[in-house]
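Participant: If you're matching positions, the sequence shown starts at -16 in my numbering and goes up one per residue.
Questions regarding the structure given below will be posed in turn.
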Amino acid sequence: MAGSGNRLLYENTPQRVLARSVAAALRELGAGEVEEREIEYLVSASPREELGDYGLPLARFARRHGVDLDTLFEKVAEKLRGEPIVREARRVGGYLNVFIDAAQAFSLIAEALREEGARIGLVEAEKPERLVVEHTSANPVHPLHIGHARNASLGDTLARLLRARGHQVETRFYINDMGRQVAVMVYGFRLAGLREVPEGEKPDHFIGLVYAITHTLADIEALRRRLEEAKESGDEERYRALLGELDSLVADAARLREKNPTLFDRIAEAIRGRDPDRDISEIMRAYEYRRDEEIVRLFRRLVERCLQGFRETLARLNVSHDKWDWESDLAWQSLVGRVLEEARRSPYYTIHRGAEALNLQPLLEDPEIRRRLGIPEGYEIPPLVLRRSDGTTLYTTRDIAYTLKKFQEAGADRVINVIAAEQRLEQLQVRLALIALGHRREGLNTIHYAYEMVNLPGQKMSGRRGRYVTLDQLIDQAVAIARREVEKRSPTLPPEEKEKIAQAVGAAAVRYALVSVSAPKPMTFDIEKALDFDQSSAPYILYTHARAANILRKAEEKGATIDAAKADPKAAEENRLRRRLVLKTLEYPYIFAKAADEQRPELLVAYINTYADIFNKWYTSGDSAVNEPDPAKRATKLAIVEAAKHVLANTLNILGITPIERM
-16 MAGSGNRLLY ENTPQRVLAR SVAAALRELG AGEVEEREIE YLVSASPREE
34 LGDYGLPLAR FARRHGVDLD TLFEKVAEKL RGEPIVREAR RVGGYLNVFI
84 DAAQAFSLIA EALREEGARI GLVEAEKPER LVVEHTSANP VHPLHIGHAR
134 NASLGDTLAR LLRARGHQVE TRFYINDMGR QVAVMVYGFR LAGLREVPEG
184 EKPDHFIGLV YAITHTLADI EALRRRLEEA KESGDEERYR ALLGELDSLV
234 ADAARLREKN PTLFDRIAEA IRGRDPDRDI SEIMRAYEYR RDEEIVRLFR
284 RLVERCLQGF RETLARLNVS HDKWDWESDL AWQSLVGRVL EEARRSPYYT
334 IHRGAEALNL QPLLEDPEIR RRLGIPEGYE IPPLVLRRSD GTTLYTTRDI
384 AYTLKKFQEA GADRVINVIA AEQRLEQLQV RLALIALGHR REGLNTIHYA
434 YEMVNLPGQK MSGRRGRYVT LDQLIDQAVA IARREVEKRS PTLPPEEKEK
484 IAQAVGAAAV RYALVSVSAP KPMTFDIEKA LDFDQSSAPY ILYTHARAAN
534 ILRKAEEKGA TIDAAKADPK AAEENRLRRR LVLKTLEYPY IFAKAADEQR
584 PELLVAYINT YADIFNKWYT SGDSAVNEPD PAKRATKLAI VEAAKHVLAN
634 TLNILGITPI ERM
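Okay, here's the thing in structure tokens:
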């Protein structure tokens, strides 16, 4: 049966064995049903090897379920005696500690190698689902930066992780072409008399400059009018405050002019004396309602050019999307209109400050909605405005239509939206709105995968002002550091091979660092740490994989057969570091499954960092696999290396990083 080797390996991981035994013991002692996952979470490696390999705070479960601790330990120990993977169970205070039989663990790994080959450890879900992962979805008005890189890295890694778990996953990019930001960009091109990005310019970079210049100059025009009003009203305090704002904007404008004086002067001359806010609103209405086909063509052409730049940058991170969905199509295909019609028929429909809206607060009386959406008691949610008084729809209204489109077109069981944590309220409103409109299944199965921002030391970014470090610049910097390191470590490699490695390692370092921190936590990106070849980085894991590949290559060159069937399982117990690596390999299916089921790729990163540490310590300890004289022991060691190579490669592939055989 396909996947049976991985399933057997998974069920024999320390976490599963202990959880299964403790839960069964508690049930027999009258505790009723016990959630095994809760027990799994508390299994950890013992702090001291002489106490055991893994431990569990058994006293916690005895107290919670009103069971005598001695009785519970005896019952669990009885269950564990039926688990071949456990050599001994020992009680240390309130803890249950176990010693793992490394020979048995090796036998399970060898069996999985025979049955699963390179897919060892990638245990498939018992009930695969159809999933949509929407990610990146950056506004097409400037180049991708470090924040977009975190979104793209997390989203693409999630998709790869869930596919490896056996789910059918479709990735989508939502093209936000109807918002005010895109209208500002198009307005700037019109003011500059441009209909296309000039030859030789990376399109997203040039578009970002036009957007920043236009936004800054439009804000200066608006501020000047407010200054005149403050001066006429005699409000000196307000006048001085506005004057300070103007000074800051003028400084930004001067900096932007230095980048392209001709472009800046053309836009500045054309915008002088106009009312940019009114002009931009008219452009937005003309596009949403297709009142001007020339404007429609200009919007589409410029946005597509920006997306071309996005694709080029994302390809450097090994990120791609299955489908690209235009926000404007939702309006033009009447999908947004249908949402508005459903809203007007809904009992939650209301008028809020003169605009059509949904009153979502009554939905919070449903305990299942609160539980599934994680809404605390006493939380108050503001009305969701669907359409402005000028007739244009809000992006949240279009998000409702888009969510339904994703569910319907993909036949999705769940939709995962990778969107910044600052959008938490809006995402909650969209899910509640779906329920209010009768789409309860979709509302309860839309997941906001929230991530926090990324900081670059010494950088304060603003797309409106053109203050950002582009993702292209960041990758270039990473590649330059990798290039120096490769030159230092492998001076004899051919130049083209060194450059290929530097390009791969630089981009991998950026991506690996961005998924290494839990998504809900803010992070500071440190490029030097990301490119540390000696610990906890993509270069370090790539180097470890190349080292494993090199061992196997040398063994084959010496005529050794890499065949786990010829191994001596008892040899797994003979060396401390060899044994530790076997036990860590045994854990892999559990960590992989947990990372996928909880959508926490950082668990895999933490695991593989430790795994590489153990492998490299074993390698440098002198316990050679290639030069081992005993054929059975050599087969054991080579099987351990082969399993390690697959674990490293599988994890790198899930993280969107192509393993390197020579480095």
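The beta carbon of each residue, even a glycine, is placed where N, CA and C say it ideally should be.
Computed from a prediction, not measured in an experiment: that's the story for all the values here.
1) Take Q568 and list the residues in its own chain whose beta-carbon comes closer than 7 Å to its own, dropping the five residues that flank it on each side.
2) CA-CA distance, H305 and E212?
3) Could you pull out every unbroken alpha helix (DSSP H) segment of at least 4 residues lying fully inside the stretch 80 to 108, listed in chain order?
4) Three or more C-beta pairs closer than 8 Å, one from the stretch 293 to 304 and one from the stretch 485 to 500: is that the case here?
5) Taking the CB atoms as reference points, tell me whether I574 and L587 lie closer together than 8 Å.
6) For V169 and H198, I'd like the C-alpha separation in whole angstroms.
7) Round the Cβ separation of C289 and D187 to the nearest angstrom and send it over; I've been treating them as touching at under 8 Å.
8) Around the Cβ of E348, are there at least 16 other Cβ atoms within 10 angstroms (buried) or fewer (exposed)?
9) Given this structure, state the Cα-to-Cα distance separating A548 from P572, to the nearest angstrom.
10) Output the boundary residues of the beta strand (DSSP E) element that contains Q151.
11) Let me know if R(-1) comes out buried or exposed under the rule of 16 or more other beta-carbons within 10 Å of its beta-carbon.
12) Applying the criterion that 16 or more other CB atoms from any shown protein chain within 10 Å of the CB defines a buried residue, is N610 buried or exposed?
13) Grab the span of the beta strand (DSSP E) containing V116 for me, first residue to last.
14) Report yes or no: do three or more beta-carbon pairs, one from the stretch 515 to 527 and one from the stretch 42 to 62, lie closer than 8 Å?
15) From L377, R397, L323, pick the residue whose C-alpha is nearest to that of T386; which is it?
16) Take the Cβ of P584 as the centre, count every other Cβ of all protein chains shown within 10 Å, and call the residue buried at 16 or more, exposed below.
17) Can you tell me where the beta strand (DSSP E) holding K549 begins and where it ends?
18) How is A403 classed by DSSP in three states: helix, strand or coil?
19) Taking the alpha-carbon positions, what's the A485 to A465 distance?
20) Taking DSSP as the reference, what is the three-state secondary structure of M(-16)?
21) Closest to V452 by C-alpha separation, out of N438, A404, V152, would be which residue?
22) Compare the C-alpha of H125 against each of R74, K185, L52, E117 and name the closest.
23) Quick one: give me the first and last residue of the beta strand (DSSP E) that V69 is part of.
24) Helix, strand or coil: how does DSSP classify N599 here?
25) If we ignore side chains and look at the alpha-carbon of each, how far apart do L52 and L638 end up?
26) Quick one: is R647 buried, meaning 16 or more other Cβ sit within 10 Å of its Cβ, or exposed?
27) Between Y495 and A521, how many whole angstroms is the CB-CB distance? I'm expecting something under 8 Å.
28) Among residues of its own chain, excluding the 5 on either side of G320, which ones have a beta-carbon nearer than 8 Å to its beta-carbon?
29) Mark Y647 as exposed unless 16 or more other C-beta atoms lie within 10 angstroms of its C-beta, in which case mark it buried.
30) May I ask you to verify whether the stretch 352 to 366 touches the stretch 397 to 414, counting CB pairs closer than 8 Å and requiring at least 3?
31) Ignoring anything shorter than 4 residues or poking outside the stretch 214 to 259, list the alpha helix (DSSP H) runs there in chain order.
32) Quick check: the Cα distance between L137 and V106, rounded to an integer number of angstroms?
33) If you run the structure through DSSP and keep just helix, strand and coil, what is A339?
34) Assign S372 to buried or exposed, taking buried as 16 or more other Cβ atoms, counted over all protein chains shown, within 10 Å of its Cβ.
35) Just reading off the alpha helix (DSSP H) that I640 is part of, what are its end residues?
36) In the DSSP output, what is V180 paired with across the bridge?
Facilitator: The short version:
1) Residue identity check: residue 568 is Thr in the sequence provided, not Gln. Cβ neighbours of T568 beyond the five flanking positions: I92, A626, A627, V630.
2) The sequence as given places Asp at residue 305; His does not occur at that position. If you take the alpha carbons of D305 and E212, they lie about 51 Å apart.
3) 85 to 99
4) yes
5) yes
6) 11 Å
7) 5 Å
8) exposed
9) 21 Å
10) 151 to 158
11) buried
12) exposed
13) 113 to 117
14) no
15) R397
16) buried
17) Run containing K549: none; DSSP gives neither H nor E here.
18) strand
19) 5 Å
20) For M(-16), the predicted model reports a pLDDT of 48, less than 50, meaning its position is unreliable; a value from the coordinates is still stated below. If DSSP states are grouped into helix, strand and coil, M(-16) belongs with coil.
21) N438
22) K185
23) 69 to 75
24) helix
25) 43 Å
26) A query on residue 647 cannot be resolved here, the shown segment of the chain reaching from -16 to 646 and no further.
27) 4 Å
28) A314
29) The displayed coordinates of the chain run from -16 to 646. Any statement about residue 647 would go beyond what the structure contains.
30) yes
31) 219 to 242, 244 to 254
32) 21 Å
33) In the sequence as presented, Ala is not what sits at residue 339; that position holds Glu. Residue state, collapsed to three classes: strand.
34) exposed
35) Counting along the chain, I640 falls outside any alpha helix (DSSP H), and DSSP gives it neither H nor E.
36) Per DSSP, none; premise fails for V180.
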